[in-house]
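K.L.:
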Amino acid sequence: MKKMLLVSELRKNFGAVAAVDGVTFSVSPGEIVGLLGPNGAGKTTTISMILGILEPSGGQILIEDRSRMNFAAVYAPLPGNLTVTENLRIFGLIYGAEDFPKRLAELLKQFDLEKYRNTKAGLLSSGEQTRLGLAKAMLNKPRLLLLDEPTASLDPAVAREIRAEIKDFTGRGQGAVLWTSHNMHEVEEVCDRVLFLSHGKILLEGDPKALPERHGKKTLEDLFVAVAREPLSL
Amino acid sequence: MNIKRLYAVVLRQFYLMRGSLSRVLPLFAWVTVDIVLWGFLTRYLNSVASAGFNFVATLLGAVLLWDFFTRVMQGVTMAFFEDVWSRNFLNFFASPLTIWDYLGGLVASSIATSSIGLAAMILLAGLVFGLSFAAYGAIFAPFLMILFVFGIALGVMATALVLRCGPASEWFVWPIPALIAPFAGVFYPVSVLPRWMQIVARVLPPAYVFESMRAIVTGHSAARWPALAGAGLAAAYLAAGCWIFERTYRYAVRTGLIARYSAESVN
Chain A
115 MKKMLLVSEL RKNFGAVAAV DGVTFSVSPG EIVGLLGPNG AGKTTTISMI
165 LGILEPSGGQ ILIEDRSRMN FAAVYAPLPG NLTVTENLRI FGLIYGAEDF
215 PKRLAELLKQ FDLEKYRNTK AGLLSSGEQT RLGLAKAMLN KPRLLLLDEP
265 TASLDPAVAR EIRAEIKDFT GRGQGAVLWT SHNMHEVEEV CDRVLFLSHG
315 KILLEGDPKA LPERHGKKTL EDLFVAVARE PLSL
Chain B
3 MNIKRLYAVV LRQFYLMRGS LSRVLPLFAW VTVDIVLWGF LTRYLNSVAS
53 AGFNFVATLL GAVLLWDFFT RVMQGVTMAF FEDVWSRNFL NFFASPLTIW
103 DYLGGLVASS IATSSIGLAA MILLAGLVFG LSFAAYGAIF APFLMILFVF
153 GIALGVMATA LVLRCGPASE WFVWPIPALI APFAGVFYPV SVLPRWMQIV
203 ARVLPPAYVF ESMRAIVTGH SAARWPALAG AGLAAAYLAA GCWIFERTYR
253 YAVRTGLIAR YSAESVN
């Protein structure tokens with residue numbers, strides 16, 4: 115099967131520090147892959163390299179269609195001095211969204227942003243801003259979606275809706291998702307496969323439902339804590 | 003360069019201006035103040051100086067052209083600062099937008115904003131102080147173009163500086179025109195400068211523009227070579243500006259500065 119994303123032996127050094135140290139993985143069509151790890155493990159560095167805003171020190175990144183890649187991240191809010199519609203129009207042009215008026219209407223409805231269409235993004239709540247970021251990420255009907263903690267600032271009800279949207283997105287065979295999150299329940303619910311990253315290396319990989327038992331842990335959260343505290347014990 | 007993506011950068015600037023008096027007003031305010039101030043000064047000088055020398059055409063015309071150059075440069079940098087202030091680099095540079103689409107958008111934004119300023123200045127200087135460039139015909143067009151290209155070049159270099167040194171370095175950008183003005187001979191012939199300043203003036207395109215302009219308004223014909231030298235230098239500065247910006251962007255991507263721009267440095 116053709117891969118949406120193929121990362122091999124990816125490295126990034128900041129001086130003497132190896133932030134990402136020989137990471138290899140792939141994401142297949144229709145798959146949601148969770149990139150997990152404690153703070154500073156190298157998740158965002160890996161995503162930044164895939165996005166092209168950080169040059170790798172080594173290794174290779176192959177993307178099936180770079181023009182059909184998009185992303186949403188809590189640390190990249192859309193300009194707060196533009197309205198929801200203005201932001202989506204600008205990024206619609208940049209990402210080459212087809213039939214923009216129709217796409218805009220679809221996304222405003224899908225992410226419950228219709229009543230905020232003329233509201234400046236900076237006036238939205240953090241949850242609404244997250245939804246706007248996700249709407250932007252869907253503008254070009256991406257085949258590869260990178261989501262860095264997409265539900266971090268959402269209340270449980272909205273987070274559940276967003277998870278359903280993303281699962282629906284991959285379920286329709288439209289694309290693949292690389293997802294980072296610190297919410298292990300969410301990861302278990304959403305991801306088909308997870309990669310545990312620690313000190314820039316992938317320590318574990320597999321089905322989030324089967325992995326804890328395989329490593330003698332009760333839950334994915336217990337496994338996460340073990341990876342974060344005692345990676346060598348695994 | 004992709005026209006739709008370039009248009010997106012311009013459209014962003016239009017949206018910001020449309021709803022913001024604090025962005026629209028500076029397009030007119032400072033140039034209006036300059037024209038009024040220098041207009042009355044030149045009118046006074048005409049009344050006390052010996053007949054035959056037109057201060058309105060020489061000094062007010064110079065102010066108008068210099069303000070145009072400054073507006074062009076700031077048109078590029080202001081559009082860039084909008085992304086600095088709204089922390090928008092990640093969204094732009096993680097998208098299909100290339101740096102050439104982006105720079106093209108900044109330049110196109112500057113064309114729009116500086117044209118508004120130029121129109122306001124020409125109108126005010128013509129209606130109130132009787133300064134008419136139309137009297138000199140199309141001869142001024144190449145000189146306007148030289149100032150425009152040099153303004154774009156300096157604007158691009160200034161954005162590279164802020165990209166490299168971080169948001170706080172925008173302070174370096176504002177005084178650039180004021181630092182160049184004494185060397186460029188905006189208000190006086192380059193020949194009155196000390197030798198070392200004349201050498202600096204030779205590598206500044208505006209110096210050729212203002213020398214030629216003074217020759218034209220005092221009834222002499224402008225030689226062709228200063229215009230060619232000014233145009234060649236302006237084109238060289240533009241090429242150098244694009245090269246510097248491209249190198250700075252590559253540095254920012256290599257070191258991770260783009261991804262962590264608010265930190266101002268990666269050390």
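Note that the protein sequences, when read in sequence, are chains A and B. Under the numbering used here, the first residue of the first sequence carries the number 115, and numbering increases by one thereafter. Under the numbering used here, the first residue of the second sequence carries the number 3, and numbering increases by one thereafter. Yeah, the Cβ is synthetic: ideal placement off N, Cα and C, and Gly gets one too.
#1: Tell me which same chain residues have a C-beta within less than 6 Å of the C-beta of ARG14 of chain B, skipping the five on either side of it?
#2: Could you tell me the distance, in whole angstroms, from the CA atom of MET199 of chain B to the CA atom of PHE212 of chain B?
#3: LYS223 of chain A lies in the alpha helix (DSSP H); which residues open and close that run?
#4: Compare the C-beta of PRO98 of chain B against all C-beta atoms of chain A and say whether one is closer than 8 Å.
#5: Looking at TYR230 of chain A and VAL198 of chain A, is the spacing between their C-beta atoms short of 8 Å?
#6: If we call anything under 8 Å between Cβ atoms a contact, is VAL308 of chain A one with GLY320 of chain A?
#7: Would you call the CB atoms of LEU29 of chain B and ILE118 of chain B closer than 8 Å?
#8: If contacts are defined as beta-carbon pairs under 8 Å, then VAL65 of chain B and ILE37 of chain B qualify, I think. What distance do you get, rounded to the angstrom?
#9: Would you identify the three-state DSSP class for PHE189 of chain B, choosing helix, strand or coil?
#10: Please identify, using Cβ separations under 7 Å, the residues of the stretch 134 to 163 of chain A that lie next to chain B, in order along the chain.
#11: Are three or more beta carbon pairs between the stretch 298 to 316 of chain A and the stretch 135 to 152 of chain A nearer than 8 Å?
#12: Tell me whether the beta-carbon of VAL12 of chain B lies closer than 8 Å to the beta-carbon of GLY107 of chain B.
#13: Out of A:PRO322, A:VAL131, A:MET163, point me to the one whose CA is closest to LEU119 of chain A's CA.
#14: Run through chain B and tell me which residues come within less than 8 Å of PHE205 of chain A, C-beta to C-beta.
#15: With a threshold of 7 Å on Cβ separation, who are the neighbours of GLY41 of chain B within its own chain once the five nearest residues in sequence on each side are excluded?
#16: Three or more C-beta pairs under 8 Å: does that hold for the stretch 186 to 199 of chain B against the stretch 72 to 90 of chain B?
#17: Where does LYS234 of chain A fall in DSSP's three states?
#18: Of the residues that make up the stretch 177 to 200 of chain A, which ones have a beta carbon closer than 7 Å to any beta carbon in chain B?
#19: Could you check the C-alpha separation between SER239 of chain A and ALA160 of chain B for me, to the nearest Å?
#20: Between the alpha carbons of TYR210 of chain B and LEU235 of chain B, how many angstroms are there, rounded?
#21: Do you know offhand how far SER49 of chain B's Cα is from VAL194 of chain B's?
#22: Between the Cα of ILE276 of chain A and the Cα atoms of A:LEU149, A:THR244, A:GLU327, A:LEU260, which residue gives the shortest distance?
#23: If the criterion is Cβ atoms closer than 8 Å, does the pair VAL86 of chain B and PRO169 of chain B meet it?
P.N.:
If we stick to the structure as given:
#1: Cβ within range, chain order: n/a, list empty.
#2: If you draw a straight line from the Cα of MET199 of chain B to the Cα of PHE212 of chain B, it is about 15 Å long.
#3: LYS223 of chain A -> alpha helix (DSSP H) spans 214 to 224.
#4: Interface residue, yes.
#5: Annotated as proximal: VAL198 of chain A and TYR230 of chain A, with beta-carbon spacing under 8 Å.
#6: Inclusion of VAL308 of chain A and GLY320 of chain A in the CB contact set at 8 Å is warranted, their separation being smaller than that value.
#7: Against a cut-off of 8 Å, the Cβ pair of ILE118 of chain B and LEU29 of chain B comes out as a contact.
#8: Contact check for VAL65 of chain B and ILE37 of chain B: beta-carbon distance about 7 Å, within the 8 Å limit, so the pair qualifies.
#9: Three-state DSSP puts PHE189 of chain B in coil, outside helix and strand.
#10: Result list: SER162.
#11: Yes: at least three Cβ pairs fall under 8 Å.
#12: Contact: yes.
#13: LEU119 of chain A has its Cα closest to that of A:MET163, out of A:PRO322, A:VAL131, A:MET163.
#14: Ordered by position in chain B, the residues that pass the 8 Å Cβ test against PHE205 of chain A are ALA10, ASN93, SER97.
#15: These residues qualify, in order along the chain: LEU62, ALA127, VAL130, PHE131.
#16: Contact annotation: the stretch 186 to 199 of chain B does not touch the stretch 72 to 90 of chain B, with fewer than three C-beta pairs closer than 8 Å.
#17: DSSP places LYS234 of chain A within a strand segment (E or B) once states are collapsed to three.
#18: When CB distances to chain B are screened at a threshold of 7 Å, the residues of the stretch 177 to 200 of chain A falling below it are SER181, PHE185, ALA190, LEU192, PRO193, GLY194, ASN195, LEU196, GLU200, in chain order.
#19: In this structure, the straight-line span from the alpha carbon of SER239 of chain A to that of ALA160 of chain B is close to 35 Å.
#20: Whole-angstrom Cα-Cα distance: 10 Å.
#21: Those two C-alpha atoms are separated by around 24 Å.
#22: Cα-wise, what sits closest to ILE276 of chain A is A:THR244.
#23: Contact: yes.
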